[in-house]
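Trainee: Chains B and L supply the protein sequences, listed in that same order. Just so you know, we're using the working numbering here: the first sequence kicks off at 8 and counts up by one. Just so you know, we're using the working numbering here: the second sequence kicks off at 2 and counts up by one.
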Amino acid sequence: MTNLSDDQMRRLRDLVDAPDLSGTRYRIERRIAVGGMATVYLAYDEALNRNVALKILTLPDSGTDLAPRMLREAKIVAQLEHPGIVPIHDVGTLTDGRVYYTMKFVQGQTLEQQVASHANLNDRLRIFLRICDAVAFAHSRGVLHRDLKPSNIMVGAFGESLVMDWGVAANMREKWTSDSSEPRSSSKNPEPITQDGAVVGTPGYLSPEQASGVKGTIDYRSDIYGLGAVLYFVLTGRPPIPDQAVAVAIDRAIRGDFAPPRSLSNGIPRRLEAICLKALALRPEDRYASVNALSKDVGLYLDGEPVSARVEGPWEKVARWINKYQFIVIIALVYIIVRFFFLLWRGL
Amino acid sequence: MAPDHDISTGGAGGRFPATQYSAIMALRSGDQKERERALETVATVYWRPIYTHIRLRWKRETEEARDLTQGFFMQVLEKDFFATFDPQRARFRTFLRVCLDRFIQREDASSARQKRGGGVDHIPLDLVEIEKSLSGSATYPSPEDGFDREWVRSLLSLATIRLRAYCEESHRGMAYRAFERYDLDPSDSSARPTYATLAAELGTTSDDITNQLAFARREFRRIVLGLLREMTSSEEEFRDEARTLLGIDVT
Numbered sequence: 008m009t010n011l012s013d014d015q016m017r018r019l020r021d022l023v024d025a026p027d028l029s030g031t032r033y034r035i036e037r038r039i040a041v042g043g044m045a046t047v048y049l050a051y052d053e054a055l056n057r058n059v060a061l062k063i064l065t066l067p068d069s070g071t072d073l074a075p076r077m078l079r080e081a082k083i084v085a086q087l088e089h090p091g092i093v094p095i096h097d098v099g100t101l102t103d104g105r106v107y108y109t110m111k112f113v114q115g116q117t118l119e120q121q122v123a124s125h126a127n128l129n130d131r132l133r134i135f136l137r138i139c140d141a142v143a144f145a146h147s148r149g150v151l152h153r154d155l156k157p158s159n160i161m162v163g164a165f166g167e168s169l170v171m172d173w174g175v176a177a178n179m180r181e182k183w184t185s186d187s188s189e190p191r192s193s194s195k196n197p198e199p200i201t202q203d204g205a206v207v208g209t210p211g212y213l214s215p216e217q218a219s220g221v222k223g224t225i226d227y228r229s230d231i232y233g234l235g236a237v238l239y240f241v242l243t244g245r246p247p248i249p250d251q252a253v254a255v256a257i258d259r260a261i262r263g264d265f266a267p268p269r270s271l272s273n274g275i276p277r278r279l280e281a282i283c284l285k286a287l288a289l290r291p292e293d294r295y296a297s298v299n300a301l302s303k304d305v306g307l308y309l310d311g312e313p314v315s316a317r318v319e320g321p322w323e324k325v326a327r328w329i330n331k332y333q334f335i336v337i338i339a340l341v342y343i344i345v346r347f348f349f350l351l352w353r354g355l
Numbered sequence: 002m003a004p005d006h007d008i009s010t011g012g013a014g015g016r017f018p019a020t021q022y023s024a025i026m027a028l029r030s031g032d033q034k035e036r037e038r039a040l041e042t043v044a045t046v047y048w049r050p051i052y053t054h055i056r057l058r059w060k061r062e063t064e065e066a067r068d069l070t071q072g073f074f075m076q077v078l079e080k081d082f083f084a085t086f087d088p089q090r091a092r093f094r095t096f097l098r099v100c101l102d103r104f105i106q107r108e109d110a111s112s113a114r115q116k117r118g119g120g121v122d123h124i125p126l127d128l129v130e131i132e133k134s135l136s137g138s139a140t141y142p143s144p145e146d147g148f149d150r151e152w153v154r155s156l157l158s159l160a161t162i163r164l165r166a167y168c169e170e171s172h173r174g175m176a177y178r179a180f181e182r183y184d185l186d187p188s189d190s191s192a193r194p195t196y197a198t199l200a201a202e203l204g205t206t207s208d209d210i211t212n213q214l215a216f217a218r219r220e221f222r223r224i225v226l227g228l229l230r231e232m233t234s235s236e237e238e239f240r241d242e243a244r245t246l247l248g249i250d251v252t
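The following block contains the structure:
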């Protein structure tokens, strides 16, 4: 009998799971990711000679609303033509009835991987600002992401940042069915919690209103919370509510029970912590009024300016000023010291 | 929910009539001939994981492990080992491993163990290849993992053999050759030939390669799932094993 190597075994197993794309212009190269509802493959577009990411329902739709949801997701993303949002190329149905769509294949790292490997905080904050731009654009089109987290953000080889996985997004201009108080899954899987199309989010990054499931409370400020949770990760390297049973994570999210960033690392600047905590405020009305207001504050921090989230004391103001004008301060100090010694020498 | 007599393969049309035959259930048949046929199928898929388990879990040398593997199958046939298998209580894979462990304990307890052979000597034990795998046994986190992985390896190996036979019988030899060159042979994905190279090699067009590969892959899926069904005793076990061992969901 043929003796298969481990690599051959893995390939053949993938093949058993791979969808039949005959009748399409794509061919499967390998599986990239598996979610609760869909699987994403690296596929090759034979008409345009390029790689694409092909997202396909994991199972043929057997009377559920999965296929309409996939189509809806494709349509929502197709509306969002922005450099920070992964573009959709094509949508279709396989011979077995499964809906698929293809999108740009992004080569790079997830924000999760990027934060682990990238030491420079300011560079990470610039990536965060690009993510804010994409989410702000989606909000301007009436679309909420509702599942913002580092693993849904890709950072390309040239620093481009793309917000991925709009599978649980909602268009606020359509009739919105997200505000469900359906019972939660008890799974420990940190996948988005969904219940018959009613999406709650991902434990660890859930806003309090998403966690509580109270009808009519989820709006763009839930995404601002999500961005706050992403910023928390950028600062600390972990989610506000780290791996725990779903029920515990939900309970803590509802109570706003998470450790302030500086309690994990006191090297985090106070102004950044203040921005993060404002975005993560328990009550939506205490958060930033818009994504632009959040990104403006982060931009002000990067420019060494005061931020709206924190009232500075006099010493803090001086420290910020010194930090901002480091070069001038050093030159001035050198001048003063040289001048002092010069005068001292002449006096002798 | 799909009806029980169908399984989804993701293949053309997504569905095909499931093979109802279960070699596992046939092991309990009252007909001796049917039991022997079933055992032959089971032995083909299971000798490798069993041998691996004996080597890793019971730490036996090559010769002894081979004798015990042969002896185990002989006892299965002679003593109707699997008559007590209750699909409601365990997966067949788990049950078999428990039977194997008990068999070895009994063999150890008995000073009268003899060299096994006879009726099941025809089971082809390719020890050279399996010993090569075992020389890197650090890759198995546990004997159980070794058993499971070798089981999947046997299943997929047998599926490739059946695919080749099926393609030859149905005059689709080119489909198997394309499958072999594109999906089976390359040491890694980057070593795959392009469709154009493969087309030139096989004397056809790239479009035809696409079709041949689609056919071979579809049939491969069908054969693997058919084999898995043969190796399980119920629909539930079949789905469960597909998920656990192959990482796929079947409806």
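Beta carbons are placed, not taken as given, at the ideal position from N, Cα and C, and that holds for glycine. Just so we're clear, the structure is a prediction, and the values are computed from it rather than from any experiment.
Report the residues of the region 93-125 of chain B with a CB closer than 7 Å to any CB of chain L, ordered along the chain.
Mentor: From the region 93-125 of chain B, only T102, D103, G104 have a Cβ closer than 7 Å to chain L.
Trainee: Mind checking if D393 (chain B) is an interface residue toward chain L, Cβ cutoff 8 Å exclusive?
Mentor: Since the first residue of chain B shown is 8 and the last is 355, residue 393 (chain B) is not available in this structure.
Trainee: Which class does S272 (chain B) belong to by DSSP, given the choice of helix, strand or coil?
Mentor: Of the three classes helix, strand and coil, the one that applies to S272 (chain B) here is coil, per DSSP.
Trainee: Using only CA atoms, which one of B:P267, B:S29, B:A218 lies nearest to T102 (chain B)?
Mentor: Of the candidates B:P267, B:S29, B:A218, the one whose C-alpha sits nearest the C-alpha of T102 (chain B) is B:S29.
Trainee: Using a C-beta to C-beta distance shorter than 8 Å, which residues of chain B count as neighbours of V153 (chain L)?
Mentor: In chain order: M16, R20.
Trainee: Using a threshold of 8 Å, state whether the C-beta atoms of R34 (chain B) and G248 (chain L) are closer than that.
Mentor: No, they are not a contact pair.
Trainee: What are the boundary residues of the beta strand (DSSP E) that includes H96 (chain B)?
Mentor: First-last of the beta strand (DSSP E) with H96 (chain B): 95-100.
Trainee: Roughly how many angstroms lie between the CA atoms of A176 (chain L) and A192 (chain L), to the nearest whole one?
Mentor: Spanning the two alpha carbons is a distance of roughly 19 Å.
Trainee: Name the DSSP bridge partner or partners of V59 (chain B)?
Mentor: BP columns for V59 (chain B) point to B:A50, B:K111.
Trainee: Which residue wins for smallest C-alpha separation from E312 (chain B), given the options B:P215, B:I329, B:S297?
Mentor: Answer by Cα proximity: B:I329.
Trainee: So, for N196 (chain B): in the same chain, excluding its five sequence neighbours on each side, which residues have a beta-carbon less than 6 Å away from its beta-carbon?
Mentor: Caution applies to N196 (chain B), whose pLDDT of 35 falls short of 50 and renders its modelled position unreliable; the model cannot decide the point.
Trainee: Given a threshold of 16 other Cβ atoms within 10 Å of its Cβ, counted over all protein chains shown, does K34 (chain L) qualify as buried or as exposed?
Mentor: Classification of K34 (chain L): exposed, given that the 10 Å Cβ count is below 16.
Trainee: On the criterion of 16 or more Cβ atoms from any shown chain inside 10 Å, does E220 (chain L) qualify as buried, or is it exposed?
Mentor: By the neighbour-count rule (16 or more Cβ atoms within 10 Å), E220 (chain L) is buried.
Trainee: At least one CB of chain L closer than 8 Å to the CB of S272 (chain B): is that the case?
Mentor: Not one chain L Cβ lies under 8 Å of S272 (chain B).
Trainee: Which stretch, first to last residue, makes up the beta strand (DSSP E) that contains R34 (chain B)?
Mentor: It spans 33-41 - the beta strand (DSSP E) in which R34 (chain B) sits, taken as one unbroken run.
Trainee: Check for me: the beta strand (DSSP E) holding I55 (chain L) runs from which residue to which?
Mentor: No beta strand (DSSP E) contains I55 (chain L), which is instead part of the alpha helix (DSSP H) from 33-58.
Trainee: Could you tell me which chain B residues have their CB closer than 9 Å to the CB of R219 (chain L), listed as they occur along the chain?
Mentor: Simply D27, S29.
Trainee: Going by DSSP, which residues form a beta bridge with L151 (chain B)?
Mentor: Per DSSP, B:A177.
Trainee: If I measure Cβ to Cβ from E145 (chain L) and keep anything under 7 Å in the same chain, skipping five residues before and after, which residues do I get?
Mentor: Same-chain partners within the cutoff: there are none.
Trainee: Does the CB of N58 (chain B) have a neighbour CB from chain A at under 8 Å?
Mentor: The structure shown contains no chain A; its protein chains are B and L.
Trainee: Hey, how far is the Cα of K62 (chain B) from the Cα of Q217 (chain B)?
Mentor: Approximately 26 Å between the Cα atoms of the pair.
Trainee: From the DSSP output, in three-state form, read off I224 (chain L) for me.
Mentor: Reduced to three states, the DSSP call for I224 (chain L) is helix.
Trainee: Are the Cβ atoms of V106 (chain B) and F240 (chain B) separated by less than 8 Å?
Mentor: Their beta carbons are not under 8 Å apart, which means V106 (chain B) does not touch F240 (chain B) by this criterion.
Trainee: Going by the CB atoms, is the gap between L28 (chain L) and F275 (chain L) shorter than 8 Å?
Mentor: No answer is possible for residue 275 (chain L): it lies beyond the span of chain L, which begins at 2 and ends at 252.
Trainee: Show which residues of chain L have a CB atom less than 7 Å away from the CB atom of L11 (chain B).
Mentor: Per Cβ cutoff of 7 Å: R154, L157, S158.
Trainee: Report the rounded CA-to-CA distance for L350 (chain B) versus R327 (chain B), giving the unit in angstroms.
Mentor: Those two C-alpha atoms are separated by around 31 Å.
Trainee: Using 8 Å as the limit for Cβ to Cβ distance, is V43 (chain L) near chain B?
Mentor: With 8 Å as the cut-off, V43 (chain L) does not count as an interface residue toward chain B.
Trainee: For chain L, check one thing: does any of its Cβ atoms lie closer than 8 Å to the Cβ of R34 (chain B)?
Mentor: Cβ-Cβ to chain L under 8 Å: yes for R34 (chain B).
Trainee: Could you tell me whether the region 258-270 of chain B touches the region 291-301 of chain B, using the rule of 3 or more Cβ pairs below 8 Å?
Mentor: Flag = no, the region 258-270 of chain B and the region 291-301 of chain B do not touch.
Trainee: Kindly indicate the opening and closing residues of the alpha helix (DSSP H) around V77 (chain L).
Mentor: Element bounds for V77 (chain L): 63-80.
Trainee: For V336 (chain B), I'd like the list of residues in its chain whose CB is within less than 6 Å of its CB, leaving aside the five on either flank, ordered along the chain.
Mentor: I329, listed in sequence order.
Trainee: Would you mind listing the alpha helix (DSSP H) stretches within the region 118-147 of chain B that are 4+ residues and don't spill past its ends, in chain order?
Mentor: Here the runs fully enclosed are 118-124, 128-147.
Trainee: Give me the Cα-Cα distance between D226 (chain B) and L156 (chain L), rounded to the nearest whole angstrom.
Mentor: Between D226 (chain B) and L156 (chain L), the C-alpha separation is close to 51 Å.
Trainee: Take V99 (chain L) and list the residues in its own chain whose beta-carbon comes closer than 7 Å to its own, dropping the five residues that flank it on each side.
Mentor: For V99 (chain L), where only same-chain residues beyond five positions count, there are no Cβ hits under 7 Å.
Trainee: Please state the DSSP three-state secondary structure of L169 (chain B).
Mentor: Strand.
Trainee: Please state the DSSP three-state secondary structure of I225 (chain B).
Mentor: Of the three classes helix, strand and coil, the one that applies to I225 (chain B) here is coil, per DSSP.
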